[in-house]
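J.:
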Amino acid sequence: MTVPLDRHYLVELQVSAERISQLRRIVAAHLRHWSLELHVRPVCRAAEELLTNVQRHVGEGHRCVLELRWTGRHLTVSVSDEDSRMPRLRDGGGGGLSRVMALSDSWGTCRTTDGKAVWFTRYAESPCTTGLLPPAPLPGGRTFVEGPVSGSGPVAESGPLAELV
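Note that the sequence shown covers residues 45 to 209 in the working numbering.
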């Protein structure tokens, strides 16, 4: 039986341009720590969009919460704030929720008791580490053999390395 992997990170912050860039680095560090290097760039860009939306539409200095959750298969990033106005996907986009949609597998919004949460998910399966290490060297690895090895009898050593053995 395998135990499901569940990693979680939560931070509450007062949103500002400086905090957004700082949170981007923190998110990247967590993803690298969780061995999700391939997801660092798209997840950080989408999370930065969500935080920037809070700064732009709710206001500088307002409280919000960023949450990362990785189950071993899916990574979910959510940003909650205290504003009850729901975000809208604008026509023509190019930024904001359009960018979040392009960088994620799914996304959405929901009302909370204190305001709202905007979230996105990405499929992020646990990386396989089996077979990443090189095989151990064979015994007698310092010998040098010229030509094909035949199955009949010992192999004669020749060449410049033969004197070293």
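Don't be surprised by glycine CBs; every beta carbon is placed ideally from N, CA and C. Just so it is clear, the structure is predicted and the values come from calculations on it, not from any experiment.
Residue 96 lies in the alpha helix (DSSP H); which residues open and close that run?
T.: Per DSSP, residue 96 belongs to the alpha helix (DSSP H) from 84-97.
J.: Tell me the DSSP bridge mates of residue 113?
T.: Answer is 52 and 120.
J.: Reducing DSSP to helix, strand and coil, say where residue 170 ends up.
T.: In this structure, residue 170 counts as coil in the three-state DSSP scheme.
J.: Just to confirm before moving on: does the CB-CB distance between residue 113 and residue 88 stay below 8 Å?
T.: No, the Cβ-Cβ distance between residue 113 and residue 88 is not below 8 Å.
J.: Looking at the unbroken beta strand (DSSP E) that takes in residue 150, where does it start and where does it end?
T.: 150-155 is the span of the beta strand (DSSP E), which, as asked, contains residue 150.
J.: Could you give the distance in angstroms between the alpha-carbon of residue 157 and the alpha-carbon of residue 82?
T.: Each residue's Cα considered, the two are about 35 Å apart.
J.: Using only alpha-carbon positions, find the residue among 78, 57, 65 and 128 that is nearest to residue 119.
T.: Selected option, being the one with the closest Cα: 78.
J.: Would you call residue 135 buried or exposed, if buried means 16 or more other Cβ atoms sit within 10 Å of its Cβ?
T.: Residue 135 should be labelled exposed.
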